[in-house]
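J.:
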Amino acid sequence: MAKKDGGASKQAAIARQDEAIRQQGIRDGTQRVNDTFGQFDDAFYDKQKQNFLSFSLPQLEDQYGKAQKELTFSLTRSGNLDSSARGYQEGELQKLYDTNRTSLADQAQTYANQARSNVEDARSSLITTLNATGDATGAVNSANSRAAALSQPTGYSPIGDLFGALTSGLAAQAAQEKAMALSNGAYKSPYNTGLFGSTAGAVKNTA
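FYI, the numbering for the sequence shown is 1 to 207, going by full-length UniProt numbering.
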């Protein structure tokens with residue numbers, strides 16, 4: 001004669017069935033969350049990088065062009081446009097341009113890396129919550145909302161004055177060397193590059 005268990009076996013069977021349904025819901029929800037986040041592929045992250053470059057590089061080129069004009073103006077004003085100092089100063093300007101361009105490229109990659117990290121953090125958080133609650137519908141709805149937010153364009157701040165130090169230096173150099181020239185050497189300028197006056201290091205190109 002079978003022992004009575006007060007319905008415990010039936011309750012256990014129901015619990016197992018409920019858990020199986022829950023686990024299936026978690027699996028289905030996880031797949032749907034992953035599908036939603038599948039739009040964030042390598043092309044998406046590359047676009048984040050390109051978006052920043054498209055924003056920043058025109059500003060860099062504009063500032064570089066203005067710095068070149070300022071340099072040419074300073075050289076012309078001092079009569080050193082055909083001086084060897086011109087090559088030196090143009091070389092310094094080019095080095096600064098190259099440094100700034102590399103820095104902007106690094107920032108662009110940082111934006112791409114941050115976007116990747118934000119997406120993965122959101123996806124992982126949703127799946128963790130799904131595993132804890134078993135609420136597949138809620139997880140999918142949240143995934144759609146998070147994906148929409150993560151797809152929004154990033155706002156950028158202007159890149160700032162990248163050549164200010166150089167152009168300010170040219171202005172200061174001009175004032176100092178002009179003062180030295182007007183004082184017939186009584187005032188000693190800390191600058192003696194030949195950019196704004198004749199020095200041994202500034203060779204005129206007469207060819």
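Just so it is clear, CB atoms sit at the ideal spot from N, CA and C, and this is done for glycine as well.
From a predicted model like this one, the values you see are computed outputs, not experimental measurements.
If we count the other Cβ atoms within 10 Å of its Cβ and call it buried at 16 or more, is Y156 buried or exposed?
T.: exposed
J.: Suppose the cutoff is 8 Å on Cβ atoms and the five residues either side in sequence are ignored; what does the same chain contact list for I26 look like?
T.: If we look at I26 and ignore the five residues flanking it on each side, its Cβ neighbours are L130, N131, G134, A136.
J.: Could you say which of F163, S124, N118, A139 lies nearest to A149 if we only look at CA atoms?
T.: Closest by alpha carbon: N118.
J.: Using only the alpha-carbon positions, how far apart do residue 225 and A165 sit?
T.: Nothing in the structure corresponds to residue 225, since the chain is present only between 1 and 207.
J.: From L57 to R101, what distance separates their C-alpha atoms?
T.: 8 Å
J.: Are the CB atoms of T167 and A67 within a distance shorter than 8 Å?
T.: yes
J.: Consider the Cβ of Q50: report whether some Cβ of chain C lies at a distance smaller than 8 Å.
T.: The chain labelled as chain C is not found in the depicted structure, where only one protein chain is given.
J.: Given that a residue counts as buried once 16 or more other Cβ atoms are within 10 Å of its Cβ, and exposed if not, what is A112?
T.: buried
J.: Taking just the CA atoms, how far does Q59 sit from Q152?
T.: 23 Å
J.: Residues in the same chain with beta-carbon distance under 7 Å from Y45, minus the five sequence neighbours each way, listed in chain order, please.
T.: A112, A115, R116
J.: Nearest CA to the CA of T128: which residue from N34, T76, D41?
T.: N34
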